[in-house]
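S.K.: First, the structure itself, so that you have it in front of you.
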Amino acid sequence: MLQKVVVTGGLGYIGSHVVVSLLLTGQYQPIVIDNCLNSYPEALNRCAEIARDEMGSDAPQPIYHNVDLRNAEAVEDAFAQYDNKGGIWAVIHLAALKAVGESGEIPLSYYKTNVAGSISLFESMERHGVNNLVFSSSATVYGTPEIVPIPETSPLLSASCYGRTKAMVEEIIQDLCRAQKKDGQSSLRAVSVRYFNPAGAHPSGKLGEEPRGKPGNLLPLLAQMAIGREKSQLKIFGTDFPTPDGTCVRDYLHIMDLAHGHVLALDALAVPTNQKNIFSNCDAENGPFRAFNLGKGKGMSVLNMIEAMRKATGYDYQYEIVDRRRGDVPDLTADPTLAEKELGFVAKKDLEEMCRDLWNFQTKNPHGFETPQKQTGTI
Numbered sequence: 026m027l028q029k030v031v032v033t034g035g036l037g038y039i040g041s042h043v044v045v046s047l048l049l050t051g052q053y054q055p056i057v058i059d060n061c062l063n064s065y066p067e068a069l070n071r072c073a074e075i076a077r078d079e080m081g082s083d084a085p086q087p088i089y090h091n092v093d094l095r096n097a098e099a100v101e102d103a104f105a106q107y108d109n110k111g112g113i114w115a116v117i118h119l120a121a122l123k124a125v126g127e128s129g130e131i132p133l134s135y136y137k138t139n140v141a142g143s144i145s146l147f148e149s150m151e152r153h154g155v156n157n158l159v160f161s162s163s164a165t166v167y168g169t170p171e172i173v174p175i176p177e178t179s180p181l182l183s184a185s186c187y188g189r190t191k192a193m194v195e196e197i198i199q200d201l202c203r204a205q206k207k208d209g210q211s212s213l214r215a216v217s218v219r220y221f222n223p224a225g226a227h228p229s230g231k232l233g234e235e236p237r238g239k240p241g242n243l244l245p246l247l248a249q250m251a252i253g254r255e256k257s258q259l260k261i262f263g264t265d266f267p268t269p270d271g272t273c274v275r276d277y278l279h280i281m282d283l284a285h286g287h288v289l290a291l292d293a294l295a296v297p298t299n300q301k302n303i304f305s306n307c308d309a310e311n312g313p314f315r316a317f318n319l320g321k322g323k324g325m326s327v328l329n330m331i332e333a334m335r336k337a338t339g340y341d342y343q344y345e346i347v348d349r350r351r352g353d354v355p356d357l358t359a360d361p362t363l364a365e366k367e368l369g370f371v372a373k374k375d376l377e378e379m380c381r382d383l384w385n386f387q388t389k390n391p392h393g394f395e396t397p398q399k400q401t402g403t404i
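Residue numbering for the sequence shown follows my numbering, starting at 26 and increasing by one per position.
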């Protein structure tokens with residue numbers, strides 16, 4: 026019997042690739058909760074199609090609930106539907122607003138969505154006995170780190186409202202893991218994956234990053250400029266950072282590597298408590314909670330990425346240098362050693378693959394998920 030796993034934000038960029046990765050294991054039944062604020066229902070059809078392409082007609086299919094986490098009653102109703110169907114085994118929590126710049130402009134929206142929405146989710150998990158959680162956190166929780174590459178032991182000193190919401194949710198999760206039930210067991214076991222900068226798309230070209238409105242991330246913006254969808258001037262926010270070329274450095278990893286990292290974290294939760302597992306050395310003060318960096322351990326600057334996309338697309342990018350944005354950190358490069366050692370995580374795909382797969386998605390879907398595709402049925 027497939028283990029039922031709720032994936033919040035499962036229609037988004039990261040979430041849809043996580044859903045595909047779960048389907049392809051043949052072990053998990055993804056139950057997607059998403060309000061489509063920054064995503065498209067068509068992504069679910071594409072997930073199902075990829076699974077059928079690779080596994081045949083017997084491939085498991087995703088289930089979808091159009092639910093906003095801020096609506097506690099709707100979240101509760103979604104969870105209750107599975108009480109008589111074996112129950113939900115785990116949750117992968119990705120749903121969040123995620124733009125660093127925007128978070129400073131509308132902070133209340135970020136706290137209401139990312140923090141209050143998470144509390145609503147955790148309350149339903151507790152009521153329905155769901156004790157396993159993978160939280161999709163962010164490298165932005167570190168702020169401007171003292172040590173680069175950044176280890177998980179670095180203090181959480183985010184420079185942005187978005188990063189602070191992620192750090193706050195981590196604190197809530199840790200408190201839930203510390204809480205003891207009457208039988209002395211912890212109420213929750215959780216893994217927080219602090220991902221760095223995802224890039225690329227599914228190699229099939231059927232899934233990729235397709236935000237509503239203008240892209241907030243560099244690579245999809247470059248792809249849309251090259252295809253002719255985005256006409257605005259490319260802006261580089263600062264060339265005076267203490268980095269080799271003066272522009273921000275980020276640790277980019279392929280979206281499929283990141284999705285696989287989420288599945289590895291979920292697999293780690295499945296190891297029985299009476300066997301050696303990732304929580305074996307956790308003490309009562311911290312409870313069964315672990316955090317892992319998901320990155321390549323190699324930083325690339327903004328100018329590096331523009332050049333890589335120029336090679337992939339053949340497009341001659343012109344850009345304007347402007348002032349830094351508030352909250353931008355000079356260098357966010359992961360130390361992925363802990364995830365490699367304890368989860369078996371390795372980001373194998375290189376920068377060329379990221380740019381090639383992104384461009385493949387963009388050329389096959391020049392108007393995004395609105396591009397006509399072969400009918401795949403309704404999920």
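Backbone N, C-alpha and C fix where the C-beta goes; we use that ideal spot for every residue, glycine too.
Tell me the DSSP secondary structure of VAL92 in three-state form.
M.R.: Start at 1 with the first residue of the sequence shown, and residue 92 comes out as number 67. Residue state for VAL92 is assigned as coil, using DSSP reduced to three classes.
S.K.: With burial defined as no fewer than 16 other Cβ atoms inside 10 Å of the residue's Cβ, what is the status of THR298: buried or exposed?
M.R.: Sequence index remark: in the sequence shown, residue 298 carries index 273 (1-based). In this structure THR298 is exposed. Its beta-carbon is surrounded by fewer than 16 other beta-carbon atoms within 10 angstroms.
S.K.: May I ask you to report which of helix, strand or coil DSSP gives PHE262?
M.R.: Counting from one through the sequence shown, the residue named residue 262 turns up at place 237. Here PHE262 sits in strand by DSSP.
S.K.: Nearest-angstrom Cα distance between PHE221 and ILE58?
M.R.: Taking the first residue of the sequence shown as position 1, residue 221 is located at position 196. Taking the first residue of the sequence shown as position 1, residue 58 is located at position 33. Computed Cα separation, rounded: 23 Å.
S.K.: Can you list, in chain order, the residues of its chain whose CB lies under 6 Å from that of GLN400, leaving out five sequence neighbours each side?
M.R.: Translated into positions along the sequence shown, residue 400 becomes position 375. Because GLN400 carries a pLDDT of 38, less than 50, the predicted location of this residue cannot be relied on, and the following value inherits that uncertainty. Excluding sequence neighbours, GLN400 sits near nothing in its chain.
S.K.: In terms of residues, what are the limits of the beta strand (DSSP E) holding ARG275?
M.R.: Within the sequence shown, residue 275 is the residue found at index 250, counting from 1. It spans 274 to 279 - the beta strand (DSSP E) in which ARG275 sits, taken as one unbroken run.
S.K.: What is the residue span of the beta strand (DSSP E) that ILE56 lies within?
M.R.: Taking the first residue of the sequence shown as position 1, residue 56 is located at position 31. Its beta strand (DSSP E) spans residues 53 to 59.
S.K.: For GLU395, which residues does DSSP report across the bridge?
M.R.: Numbered from 1 along the sequence shown, position 370 holds the residue referred to as residue 395. Answer by DSSP bridge pairing: none, since GLU395 is not bridged.
S.K.: Closest to LEU213 by CA distance: which of ASP200, ALA224, SER134 and PRO223 is it?
M.R.: Along the sequence shown, one-based indexing puts residue 213 at 188. Distances from the CA of LEU213 to each of ASP200, ALA224, SER134 and PRO223 were compared; the closest alpha carbon is that of ASP200.
S.K.: Determine the closest residue to MET334 out of LEU376, LEU158 and HIS285, with distance taken between C-alpha atoms.
M.R.: The residue labelled residue 334 in the question sits at position 309 within the sequence shown. Ranking the options by Cα distance to MET334, first place goes to LEU376.
S.K.: Who are GLY324's beta bridge partners in DSSP?
M.R.: Numbered from 1 along the sequence shown, position 299 holds the residue referred to as residue 324. GLY324 is bridged to ASP276.
S.K.: Note down, in chain order, each residue of its chain lying with its Cβ closer than 6 Å to the Cβ of SER183, except the 5 sequence neighbours on either side.
M.R.: Translated into positions along the sequence shown, residue 183 becomes position 158. So the qualifying residues of the chain are THR165, VAL166, GLY168, ARG189 and ALA192.
S.K.: Runs of 4 residues minimum, wholly inside the stretch 122 to 193: which ones carry the alpha helix (DSSP H) assignment?
M.R.: 125 to 130, 132 to 135 and 142 to 152
S.K.: Please return the same chain residues whose Cβ sits closer than 7 Å to the Cβ of TRP384, not counting the five positions on each side in sequence.
M.R.: Counted from its first residue, the sequence shown places residue 384 at position 359. Answer for TRP384: ALA248, ALA337 and THR338, listed in chain order.
S.K.: Among the candidates HIS392, SER82 and GLN28, whose CA atom is the shortest distance from the CA of LYS231?
M.R.: Looking up residue 231 in the sequence shown gives position 206. Answer by Cα proximity: HIS392.
S.K.: Tell me the rounded alpha-carbon separation between TYR277 and ALA372.
M.R.: Position 252 of the sequence shown, counted from the first residue, corresponds to residue 277. Position 347 of the sequence shown, counted from the first residue, corresponds to residue 372. Roughly 10 Å separates the two Cα atoms.
S.K.: Assign PHE386 to one of two classes, buried (16 or more other C-beta atoms within 10 Å of its C-beta) or exposed (fewer than that).
M.R.: The residue labelled residue 386 in the question sits at position 361 within the sequence shown. It is buried - the Cβ of PHE386 has at least 16 other Cβ atoms within 10 Å.
S.K.: Shortest alpha-carbon distance to GLY282 belongs to which of LEU69, ASN390, ASP83 and PHE370?
M.R.: Counting from 1 along the sequence shown, the entry for residue 282 is found at position 257. Residue identity differs from the one stated: residue 282 is Asp in this sequence, not Gly. Closest by alpha carbon: PHE370.
S.K.: Between ALA76 and LEU289, what straight-line distance do the alpha-carbon atoms span, to the nearest angstrom?
M.R.: Position 51 of the sequence shown, counted from the first residue, corresponds to residue 76. Position 264 of the sequence shown, counted from the first residue, corresponds to residue 289. Going by the C-alpha atoms only, they are around 19 Å apart.
S.K.: According to DSSP, is LYS29 helix, strand or coil?
M.R.: Taking the sequence shown and counting its residues from 1, one reaches residue 29 at position 4. Looking at LYS29 - three-state DSSP - the assignment turns out to be strand.
S.K.: Do you know offhand how far GLY315's Cα is from GLN343's?
M.R.: Translated into the one-based positions of the sequence shown, residue 315 becomes position 290. Translated into the one-based positions of the sequence shown, residue 343 becomes position 318. Correcting the residue identity first, residue 315 is Arg in this sequence and not Gly. Taking the straight line from one Cα to the other gives about 43 Å.
S.K.: Could you tell me which of LYS260, GLY238 and ILE346 sits nearest to LEU62, measuring between CA atoms?
M.R.: Here residue 62 corresponds to residue number 37 of the sequence shown, with the count starting at 1. Selected option, being the one with the closest Cα: GLY238.
S.K.: Classify VAL16: buried if its beta carbon has 16 or more other beta carbons within 10 angstroms, exposed otherwise.
M.R.: A question about residue 16 goes unanswered here, because the residues of the chain that appear run from 26 up to 404.
S.K.: Work out the CA separation of SER229 and ILE117 for me, nearest whole Å.
M.R.: The residue labelled residue 117 in the question sits at position 92 within the sequence shown. The residue labelled residue 229 in the question sits at position 204 within the sequence shown. C-alpha separation (whole angstroms): 24 Å.
S.K.: Can you list, in chain order, the residues of its chain whose CB lies under 7 Å from that of LEU246, leaving out five sequence neighbours each side?
M.R.: By 1-based counting over the sequence shown, the position of residue 246 is 221. Cβ neighbours of LEU246 beyond the five flanking positions: PRO240 and GLU255.
S.K.: Excluding the five sequence neighbours on either side, which residues of its own chain have a C-beta within less than 6 Å of the C-beta of THR138, listed in chain order?
M.R.: Position 113 of the sequence shown, counting from 1, holds the residue named residue 138. Here the set comprises LEU122.
S.K.: At the level of alpha carbons, what is the spacing between GLY40 and THR268?
M.R.: The residue labelled residue 40 in the question sits at position 15 within the sequence shown. The residue labelled residue 268 in the question sits at position 243 within the sequence shown. Looking at the two C-alpha atoms, the distance is approximately 32 Å.
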